[in-house]
Every structure is written in structure tokens, then in C-alpha cells.
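See below for the structure under consideration.
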Amino acid sequence: MIFKKEHELLRKTVRDFVEREMATYPDEVDEVGSLPKEVIAKLVKHKFISTIIPKEYGGAGADYVSYTIVMEEISRRCASTGTYITAASSLVALPLVNFGTKEQKEKYLRPLAEGKYIGCFGLTEPGAGSDAGAGQTIAIDKGDYYELNGRKCFITNAPICDFAIISAMTDKSKGTKGISTFIVESKWEGFSHGAHENKMGIRGTETSDIILENVRVPKENLLGKVGQGFKIMLNTLDYGRIGVAAQALGVAQGALDEAIKYVKERVQFNKPLAKFQNTQFTIADMATKVQAARLLVYDAAEKKDNGQVPGLESAMAKYYAAEIANEVAYKALQLHGGYGFIKDYPIERIYRDARILSIYEGTSQVQQMVIAGHVIK
Amino acid sequence: MDNRDIKQFKNVWVFAEQRNGILTPVVIELLGEGRKLANEIGVELCAILGGYNVDGLADELIRFGADKVYYANNELLKNYTTDGYTKIIIEAVEEFKPEIILIGATHIGRDLAPRVASNLNTGLTADCTKLEIDPEDKKLKQTRPAFGGNIMATIVCPERRPQMSTVRPGVMDKAVEDADHKGEIIKLNTKLTKSDIRTEVVEIVKTKKDLISLTDAEFIISGGLGIKNADGFKLLQKLADRLGGTIGASRAAVDAGWIDHSRQVGQTGTTVKPKVYVACGISGAIQHLAGMQNSDIIIAINTNENAPIFEVADYGIVGDVYDVVPKLIELLDDDKRLVDLFNSNRIDVSQLQ
Ligand SMILES: Cc1cc2nc3c(=O)[nH]c(=O)nc-3n(C[C@H](O)[C@H](O)[C@H](O)COP(=O)(O)OP(=O)(O)OC[C@H]3O[C@@H](n4cnc5c(N)ncnc54)[C@H](O)[C@@H]3O)c2cc1C
Ligand SMILES: Cc1cc2nc3c(=O)[nH]c(=O)nc-3n(C[C@H](O)[C@H](O)[C@H](O)COP(=O)(O)OP(=O)(O)OC[C@H]3O[C@@H](n4cnc5c(N)ncnc54)[C@H](O)[C@@H]3O)c2cc1C
Chain A
2 MIFKKEHELL RKTVRDFVER EMATYPDEVD EVGSLPKEVI AKLVKHKFIS TIIPKEYGGA
62 GADYVSYTIV MEEISRRCAS TGTYITAASS LVALPLVNFG TKEQKEKYLR PLAEGKYIGC
122 FGLTEPGAGS DAGAGQTIAI DKGDYYELNG RKCFITNAPI CDFAIISAMT DKSKGTKGIS
182 TFIVESKWEG FSHGAHENKM GIRGTETSDI ILENVRVPKE NLLGKVGQGF KIMLNTLDYG
242 RIGVAAQALG VAQGALDEAI KYVKERVQFN KPLAKFQNTQ FTIADMATKV QAARLLVYDA
302 AEKKDNGQVP GLESAMAKYY AAEIANEVAY KALQLHGGYG FIKDYPIERI YRDARILSIY
362 EGTSQVQQMV IAGHVIK
Chain B
-5 MDNRDIKQFK NVWVFAEQRN GILTPVVIEL LGEGRKLANE IGVELCAILG GYNVDGLADE
55 LIRFGADKVY YANNELLKNY TTDGYTKIII EAVEEFKPEI ILIGATHIGR DLAPRVASNL
115 NTGLTADCTK LEIDPEDKKL KQTRPAFGGN IMATIVCPER RPQMSTVRPG VMDKAVEDAD
175 HKGEIIKLNT KLTKSDIRTE VVEIVKTKKD LISLTDAEFI ISGGLGIKNA DGFKLLQKLA
235 DRLGGTIGAS RAAVDAGWID HSRQVGQTGT TVKPKVYVAC GISGAIQHLA GMQNSDIIIA
295 INTNENAPIF EVADYGIVGD VYDVVPKLIE LLDDDKRLVD LFNSNRIDVS QLQ
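If you read the protein sequences in the order shown, they are chains A and B.
The first sequence begins at 2 in our numbering and counts up one residue at a time.
The second sequence begins at -5 in our numbering and counts up one residue at a time.
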């Protein structure tokens, strides 16, 4: 994988940023349960939050490889921040970029890029996770507006969002072809959120239910066409997946970093752990898998930048990177011995953070379904 | 007494459980069922009553169909004790030889019946839900749920008399009151003495039943986000009090801070299986259903007719909790029928209107 000069420069910039701004911070956000406003402001300033949003709407207007670099390097230090970035910049930005009208882009995409608005993506429901088409949220056409009722769950950024991209049923009889997508502002009457979920990992992000009770959504806030909602949401996930795959790659690399550092320092039987052949082979395995994941992830991003539809590649990248992030974090913690089990060492948090990667934005099993669908014809 | 000489035994008896001079409701059900059995065999329906100066009850029993009332009036029978009541029943059985004795499966009935049965060395089937007479040999076929309700067992006591059953309250049809029905009151002269009774009732405490735990409650009135505020639970509590039940909640109501987590029903709360579960303003997310879908009867009150809760509800009321619940309480207050409806496991919501 040979990166362009601009990509190498970008990587260096992100790394410097992480060194400077994020040294002790991952453990703090894990404790506190939210990201500090100053850091969010800096992510905005450096356009890390808006990598793929076009320049004309205030974003960086960069390509997917750049987005992948940002995600990898940030997640390598802090997975919570990585999640915050994907939720805002890909899950929310993508449907607006791809399906929004000019007015919608002005009204929502620009403030999102400029950090004035925080967005969230509301697809999952208590009864509809992997089976995203089974949602119960309904939108009734009332002439001047749509009236939305329902409940979304596990929505990243819901407690702090200014608006949400919400999928809802406009015509039950049509199944998934009866789903439409709406832009719903959180200040509108009837919009509220549930309690902040007490999560195992990525504790620095805020996740909760969104409750919609007779929310009046003006007609102009329909995103795309009536009945196009499922397509919009799935299309968003197809590309959004590259972001999570890159996040997983970053987490895996971060765990490997910790392991390498630790095995060189820790002495047992009068030798650093790194001198035992078992340690060496374990690290070799981990490094190889991380590199394999890296190639899959950047391949998907490059294909997207070349104008191809990387549905298969993004599923493979997300699946593999998420699985090996867990494996690498497990082995890295094992190499730490008892110390790895204690919160003083970052690997404990990384191990917990890794666990979500094979679950959200489509579980590993769903990725396998997508992959098999492409491969078995 | 040789209780294997079954020809000597005749008549159907009902134990007339009373507390503070008031018949327990199940007694009227037993008289209703006992009348059918007695008619089928062609014998008399009798009641056995113990107590102190409860003469009015003997007349009441006759109005509800008893042909004979065996009445032991004794100060020692004022409060229920196992020894005292066992003794009068055994004395009466030895003298009058009934072929069937029905006892309500109340706390008292479940205590008394096995003691009587083992003293008489006869068979007892507990907690029956169905009784029939075998047309061939006129023996009593006693059916009861076993293994947590998964198996219905039909049990016969072929060789010994009396045949004894405790009967689950609420399953049999009540006897109809008939002021013209005539019957005979037979006073029992019991040999009961103070020394026969080994227990002493020190005090009877009536608790206001606010301590019922979720898992024990027969009636659970549960509130979700649809009740809008913490005060909504006061309304639900009223309904629960009326039914002797308790209140539950969805996670959304707990998250909103309206009620303590210990009340949460669902996958990450408590799993409940009451007789009646009333879901008020609960949408019916799978995580909630997992904790209550095995309730015997589920009643859902929800403004949204498409709410998934209606898929598991036996009875659904599309309407505002604040309209429906007060209406239910009102009906319960001025119409005893509704309690019977709830108790009888057969609720027809159209009857609420
Ligand atoms: C911290 C966090 C943040 C999230 N953020 C968002 C967000 O911002 N927006 C949003 O819309 N959602 C979000 N989600 C939801 C997430 O996308 C879902 O949790 C995920 O898609 C899985 O759905 P589920 O939890 O309902 O699991 P289920 O679909 O119930 O799956 C349970 C298990 O069954 C397996 N399974 C299901 N169907 C099949 C099948 N057909 N074949 C084989 N196996 C199967 C799954 O792989 C999984 O192992 C978030 C979740 C979490 C935990
Ligand atoms: C990790 C996790 C664990 C969970 N565990 C549980 C659990 O153990 N138990 C649990 O319950 N949930 C659990 N959930 C939450 C579950 O997914 C749902 O979010 C929750 O059950 C919804 O509660 P609700 O039905 O009260 O609220 P909602 O889904 O908001 O439903 C409110 C209902 O009230 C109706 N309504 C509104 N106004 C009125 C009115 N005036 N009169 C009548 N009806 C009205 C509406 O039509 C709607 O159907 C869990 C979720 C997570 C993430």
C-alpha cells in the first residue's frame, strides 16, 4: 500500500494532534462518560469531523482514504472519539450528502461540518436491530407535515444531538419499500431521549433511546423520496462501514502498540518478556493480522474513491478488522498478565472498547451475510 | 369407623369457611358446584359450619342451596385453628358419613384439608379446577393442574370415604341465592376442649397489602412511558389496591425516574407471571415482553392501536390510561361484579363499558 504525499502528510498531522491533545484523555472520557467540549471543538477546527463533507458545505472535502486515516489514528488512541466522529461525519453526513436537497444541506450539513450542530443516526429499535426493516416507528402524512411516533434505541449522540436522521414507516403494507427517512430536530415538541446507557466500552460516547411522540416534521424535512428510506439507510451503512472498519484497525493497532511497549519493559526470569519466543510469535501474529486488516480497509476506501461501489470490500474490512481488534486486544491484555486487568494500564479500556466493533453498524454475522450474498451467486 | 365400606357414605359436604362471621366467597362457589354433584348422584348438599355465634351464616348457607347445615357453635371456634376445626369435622364425619367433602383452597382450606384427610385415612386432591361424577360408578373425578400447570391430572379416590378435594377459588360457578330454599340446621355437640387446641391465636393482623412483591403478586398493574409522570403510578396503585395486587413498570418509566428499579419488569428487570398483568401505556418492546408474556392474562391499555403490546394481550383497550383506569376503579367500587370478573379469569372488556 503506497500512500500519496498528501495522505502521508495528513497522517502526520493527525498523529501530532493525538500526541498533543489526547495523551491522557481516553481514560478520562471513559470515567466521565462524555467527550469534553474543547476536544470536540478542536476536532471541528481541524476538520477531522467533516473529512468527507464537501468543501462547499464547510467540510474538508477530502477522500475516503483520508477519512480512513483520520479514523485509524484517532481510534488508535481513543475509540470513543472514533465513534463520535463516525456517528457525526459518516452516518449523519452521508445521507445528507447523497440524498439531501440543496436547502437541506445548507440547513443541516453545513452546521454539522462547522460544529454548530451535532447529529445522530436513528435506525435501530428495540425490536429491530439486525433486522432493520422491522421498525415500528411510524410517520403519518398529515397534509402539511408528517407526524412521527416511535422509539429508537442505542443511538450514538442522541442525548446531545441537535437533529437526528430517522427512519420511519410511511406505508406499512409495502414492507421495507414503505420506509422513509426524515430529518428531525431535537428541539421540536415530542422529541426526547432516554437515559444514557451504562455501557461496557466506548464509554466516552453518549448512547440512548430517542422517543418520538406526535413529533410534527415539516414536509421539506423528508430526506430523499417517500419509500426510499430503507435504501438510504443501507446505502449509508455500506459506506459508513469503512469508517468503523478503520476504527477497528486503529483499536487493533493501539492494542498492539501497548503490547509491544509492555513486553519490552516487563522482566521475568531475568529477561524482558519480549525475549521469550512465545511472546515474539504472539506479537508476530498480531502484527500480521493488523496489517492484513489495514490492507482490506484501505482497499475498500480506495475503491470508493475510484468511484466503485465497495459493498463487498467494506463488509469484509469491517468484519475482519472488528474480529481481529478483539483478538489482538485479548492477546495484548494476556501479555500484560495481571497488570492488564487493572485500570491503571490502557489495555484494560482498549479491551472493553474493542468489544462493540463486531456488533454495531451491522454485526459480524450480518457482514458475513453481506459477503456471502456477494460471493455465492 | 370403617371408611372402606363405601356404601355407608352419602351426601356432598361443603366446608363453610368464615372469617369474622363472614363467609369466604369461595364457599358460595363450592355450594354452586356441590349442588351439581349432589344432583348428579342423587343425594343431599350439606354444609359444615364452625364458629361462635354465627347463626346467621347457617341461614345464608341454606339460601345458597344447602339442604342441611351441620353447625358447631363454640367459643373455641371463634378463630381458625388447625386442631379445633379438624376435630369438629372428624367428629361430624364419623357421625354423619358424607361421601364427598369440598374445601376452598384458601390458606385456611389448604391447612385444614390435609389434616382432616390424614386423620380419616382417606384421599385428598388439592387445588382442583374441575370436578365431575363418573356416570358409571358415581365416583368423583377430580382434575387439577400439576407440574406448574403443564399437566392436567384427573384423580379418583376409589376405596375410601369421604372423597376430599380442595377447590381453587374463582373457577367454579357461584350458587344462586334463593330465599325460598328450605333446609335443616343440625347443631353439633362437640367434645372440643381447650386442651385439644395446641395453638393459641395471639393476634390477627390485617396488613394493607403494599408489601406484595412483584413475583408473588397475582395482579400487576404496570406503567410505562405512556403514563406521562410519576403521579400516574398513584393512579395505578389505586387500581392495584382494589385488586390486592401491586405495581410494576417498564424500563422507560424507571429511566424517567418515576419509580424505583426494583419495580422494573423485563429482561433486565424482574420476570413475572401473575394471574393478570395490566400494561398501561407500555409499547411492548421485546425486552419488556420477555419479562411478562407468560402472565395468565394480559390486558393492554394504550392509545396506539398498532402498539406491539396488543400482539400478546388477551384483552386490549385502545384508549388513554387516564380515561380507562379511573373508569375501571369506578366500576370496581360500585360493582362487585368486576371483582368477580377479574377473579374468574374471564374478563370481557365489553363488560367494562
Ligand atoms: C454503543 C452502541 C452504539 C450504537 N449506535 C447506533 C447508532 O448511532 N444508530 C443506530 O441506528 N444504531 C446504533 N447501534 C445499534 C447497533 O447497530 C445494533 O445493536 C446492531 O445492529 C445489532 O442489533 P441488535 O443489538 O438488535 O442485535 P440482534 O439483531 O438482536 O442480534 C443478536 C445476535 O443475533 C445475530 N443475528 C441476528 N440476525 C441474524 C441472522 N439472520 N443470521 C445470523 N445471526 C443473526 C447477530 O449477529 C447477533 O449476534 C448502536 C449500538 C450500540 C451498542
Ligand atoms: C440494555 C437494555 C435492557 C432493557 N431491559 C428492559 C427491561 O427489562 N424492561 C423493559 O420494560 N424495557 C427494557 N428495555 C427497554 C425497552 O427496549 C423499551 O425501550 C421500553 O420497554 C419502552 O418502555 P415503554 O413501553 O414504557 O415506553 P414507550 O416505548 O415509549 O411506549 C409508551 C407507550 O405508551 C403509549 N401511550 C402514550 N400515551 C398514552 C396514554 N395517555 N394512555 C395510554 N397509552 C399511552 C404509547 O402509544 C406507547 O405505546 C431495555 C433496553 C435496553 C437497551
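The C-beta atom is built at its ideal place from N, Cα and C for all residues, glycine as well.
Please tell me whether A196(A) has its Cβ less than 7 Å away from any Cβ of chain B.
Closer than 7 Å to the CB of A196(A) there is at least one CB belonging to chain B.
Would you say Q281(B) reaches chain A, if we count a Cβ-Cβ gap shorter than 7 Å as a contact?
yes
Determine which residues share a DSSP beta bridge with S168(A) and list them.
T182(A)
Cβ-based neighbour list, N73(B), same chain, cut-off 8 Å, excluding 5 preceding and 5 following:
Excluding sequence neighbours, N73(B) sits near V195, I198.
Which partner residues does V6(B) have in the DSSP bridge list?
L39(B), I94(B)
Considering Cα atoms alone, identify which of G313(B), A243(B), K62(B), G239(B) is closest to I224(B).
First, the residue type needs correcting, since residue 224(B) is Ala and not Ile in the sequence shown. For A224(B), the nearest C-alpha among the options comes from A243(B).
What is the C-beta distance between V291(A) and V329(A), in whole angstroms, given that I count them as a contact (C-beta under 8 Å)?
6 Å
Return helix, strand or coil for H175(B), following the three-state DSSP convention.
coil
Mind checking who D17(A) pairs with in its DSSP beta bridge?
D17(A) pairs with nothing; no bridge assigned.
Range of the contiguous alpha helix (DSSP H) that encloses R204(A)
Element bounds for R204(A): n/a, residue is neither H nor E.
Beta carbon proximity, G134(A) to chain B, threshold 7 Å
no
Could you say which of D145(A), L113(A), L358(A) lies nearest to A322(A) if we only look at CA atoms?
L358(A)
In the region 205 to 280 of chain B, which residue ranges form an unbroken alpha helix (DSSP H) of at least 4 residues, counting only runs that do not cross its ends?
226 to 237, 245 to 249
Would the C-beta of T75(B) count as close to ligand 1, meaning under 6 Å from any of its heavy atoms?
no
Proximity winner among V319(B), I276(B), I22(B), relative to F304(B) (alpha-carbon distances)
Of V319(B), I276(B), I22(B), the residue nearest in Cα terms is I276(B).
Can you find the residues in the same chain that come closer than 7 Å, C-beta to C-beta, to L238(A), ignoring five residues on each side of it along the sequence?
E362, G363
Look at the alpha carbon of E207(A) and the alpha carbon of L36(A), and state the distance between them as a whole number of angstroms.
9 Å
Give the residues from the region 243 to 258 of chain B that approach chain A closer than 9 Å (Cβ to any Cβ), ordered along the chain.
R245, A246, V248, D249, A250, G251
In this structure, how does DSSP classify I191(B) when only helix, strand and coil are distinguished?
Residue state, collapsed to three classes: coil.
Does the distance between the C-beta of P112(A) and the nearest non-hydrogen atom of ligand 2 fall short of 6 Å?
no
Cβ pair V248(B), H255(B) closer than 7 Å:
yes
Do V272(B) and ligand 2 come close, with the Cβ less than 6 Å from some heavy atom?
no
Test item: CB-CB of L230(B) and I206(B) under 7 Å:
no
Member of G144(A), G123(A), M170(A), G120(A) whose CA lies at the smallest distance from the CA of T138(A)
M170(A)
Please say whether V48(B) and L31(B) have beta carbons closer to each other than 7 Å?
no
Beta-carbon contacts of E178(B) that lie in its chain and below 6 Å, excluding the five residues immediately before and after:
Same-chain partners within the cutoff: K62.
Assuming contact is defined by CB atoms lying nearer than 7 Å, are S209(A) and A159(A) in contact in what I supplied?
yes
To the nearest whole angstrom, what separates the beta carbons of G251(A) and R77(A), a pair I think is in contact under 8 Å?
4 Å
Kindly give me the distance between the Cβ atoms of I323(B) and R236(B), rounded to whole angstroms, as I take these residues to be in contact under 8 Å.
Their Cβ separation, rounded to whole angstroms, is 6 Å, which keeps I323(B) and R236(B) in contact under 8 Å.
Buried/exposed call for S131(A), threshold 16 Cβ in 10 Å
exposed
Looking at the unbroken alpha helix (DSSP H) that takes in D53(B), where does it start and where does it end?
49 to 57
In chain order, what residues of the region 285 to 312 of chain B put their CB closer than 9 Å to some CB of chain A?
N298, N300, A301, P302
R242(A), enclosing alpha helix (DSSP H) - first and last residue
230 to 266
Suppose you measure from the CA of K203(B) to the CA of T209(B); what does that come to, to the nearest Å?
The predicted position of K203(B) is uncertain, since its pLDDT is 49 and thus under 50; a value taken from the coordinates is nonetheless stated next. Between the C-alpha atoms of K203(B) and T209(B) there is a straight-line separation of about 14 Å.
Do you know how far the Cα of N296(B) is from the Cα of G278(B)?
Straight-line Cα distance between these residues: approximately 10 Å.
CA-to-CA distance, G226(B) to A10(B), given in whole angstroms
41 Å
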